[in-house]
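Right, one structure below, let's go through it.
In the working numbering, the protein residues as written are 23 to 217.
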């Protein structure tokens, strides 16, 4: 019974390990591909951005990885947290809460960081909208930021190789131990039969 339970636990741990490796490799692939194409990485239609300030604390902490879903401008409502390109600097990406909308020559959003005392100085034009925040993963942005570096990529590759090698060695040792126990059991049976 114990042996069957142990084998089941080993099988489950192998499946979980394989799933984690597949997820890590997939995310790394999307991330590297996005970096090479100079765009935000995306997975399952959600774009990933790293929060670099505490302006949205406590809702979204600095260092969080935010996943943003492209959303039609007319579906954005006050209270939604949106990600948008900055006014004059289109390379500047900001994630703030919508506190109001205005219409004039198009649709505009008034935004504010939750931790800020004042509204953002400029209205956000709907053509600057990237999308609406779906969820944030605290501190994961630090990991993704590190993974963009040469050291980070090297470390991810070496960690993956190490995990695979450890699993192979562990499997070989378990097999040897099990084989050794079977041999000892057969010898004991033979000794008992001859006695």
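Each residue gets a CB set at the ideal place from its N, CA and C atoms; glycine is no exception.
Let me know the secondary structure DSSP gives residue i once reduced to three states.
i, result
"residue 133", "strand"
"residue 67", "coil"
"residue 93", "coil"
"residue 98", "coil"
"residue 82", "coil"
"residue 73", "coil"
Between residue i and the rest of its own chain, which residues show a CB-CB distance below 7 Å, the 5 nearest in sequence each way excluded?
i, result
"residue 163", "72, 73, 85, 86, 87"
"residue 150", "106, 107"
Is residue j closer than 7 Å to residue i when the C-beta atoms are compared?
i, j, result
"residue 155", "residue 103", "yes"
"residue 158", "residue 79", "no"
"residue 134", "residue 115", "no"
"residue 95", "residue 148", "yes"
Only counting the same chain, and skipping five residues up and downstream in sequence, which positions put a Cβ closer than 6 Å to that of residue i?
i, result
"residue 123", "131"
"residue 93", "153, 154"
Spatial neighbours of residue i within its chain, please: C-beta separation below 8 Å, excluding the five flanking residues on both sides.
i, result
"residue 198", "none"
"residue 68", "89, 90, 91, 156"
Which partner residues does residue i have in the DSSP bridge list?
i, result
"residue 48", "Answer by DSSP bridge pairing: none, since residue 48 is not bridged."
"residue 107", "115"
"residue 88", "71, 158"
Inset, instruction - Taking only runs that begin and end inside the segment 136-201, name each unbroken beta strand (DSSP E) of 3 or more residues, in chain order. - result: Listed in chain order, they are 151-159.
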